[in-house]
Amino acid sequence: MKATVYEGNKTFKVIDKEIEQPKTGEVQIKVAYVGVCGTDVHIYHGMMDKRVNIPETIGHEMSGVIEAVGEGVSGFSVGEKVVVRPLDDRKVKASDKGFNHICEELKFIGIDSPGAMQQYWNVPAFTLHKLKENTDLKLAALIEPLSVAAHDVA
Numbered sequence: 001m002k003a004t005v006y007e008g009n010k011t012f013k014v015i016d017k018e019i020e021q022p023k024t025g026e027v028q029i030k031v032a033y034v035g036v037c038g039t040d041v042h043i044y045h046g047m048m049d050k051r052v053n054i055p056e057t058i059g060h061e062m063s064g065v066i067e068a069v070g071e072g073v074s075g076f077s078v079g080e081k082v083v084v085r086p087l088d089d090r091k092v093k094a095s096d097k098g099f100n101h102i103c104e105e106l107k108f109i110g111i112d113s114p115g116a117m118q119q120y121w122n123v124p125a126f127t128l129h130k131l132k133e134n135t136d137l138k139l140a141a142l143i144e145p146l147s148v149a150a151h152d153v154a
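What follows is the structure, encoded as structure tokens:
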């Protein structure tokens with residue numbers, strides 16, 4: 001498959017890499033569309049080189065279709081349209097206050113781990129949001145940035 005890799009020094013490269021099967025608790029997405037976030041631009045300019053594990057595939061504003069489901073995953077099926085909430089909160093959670101988007105050592109998928117600028121992307125199933133069958137995937141790639149903007153003004 002093709003993947004776009006940030007190599008540092010304002011350089012991206014399209015590479016061929018093997019498709020990995022989803023691990024336990026993961027879902028594989030066939031990526032349809034990926035947006036370029038302001039954070040991705042900061043990465044390009046080298047402002048996050050100490051955080052990004054170079055070389056790395058970045059990107060988190062996306063939409064796609066489930067291609068495969070790993071062991072232990074329920075509630076998701078091959079062929080479903082999805083987007084990803086790119087927050088990995090598997091560390092200590094602030095769930096006692098109802099904030100599942102805040103935790104110690106919060107990881108941002110597509111920055112701190114491989115992102116969506118590849119043909120197939122494996123992500124933890126708990127980060128997925130299902131879309132209606134008739135949802136336009138091009139527009140769906142805007143759901144994550146729209147949710148961030150809505151959260152900021154709420």
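Using full-length UniProt numbering, the final residue of the sequence shown is 154, and nothing's skipped along the way. C-beta atoms are modelled at their ideal positions from N, C-alpha and C, and glycine is treated no differently.
Can you tell me whether DSSP reads Ala32 as helix, strand or coil?
-> strand
Nearest-angstrom Cα separation, counted from Lys17 out to Glu7 | 15 Å
Assigned exposure category for Asp96 - 16 Cβ within 10 Å defines buried = Note that Asp96 scores a pLDDT of 49, beneath 50, so its modelled location is shaky; the value from the coordinates is reported in the next line. Classification for Asp96: exposed.
Are the beta-carbon atoms belonging to Leu137 and Gly35 less than 9 Å from one another?
-> no
For Asp88, the nearest candidate out of Lys10, Glu26 and Gly38 (CA to CA) | Glu26
If we ignore side chains and look at the alpha-carbon of each, how far apart do Ile143 and Ala149 end up?
-> About 10 Å.
Flag this pair as touching only if the segment 52 to 60 and the segment 127 to 137 have three or more C-beta atom pairs under 8 Å; answer yes or no.
-> Taking one beta carbon from each stretch, the segment 52 to 60 and the segment 127 to 137 have fewer than 3 pairs nearer than 8 Å; the two do not touch.
With DSSP as the reference, label His151 as helix, strand or coil.
-> helix
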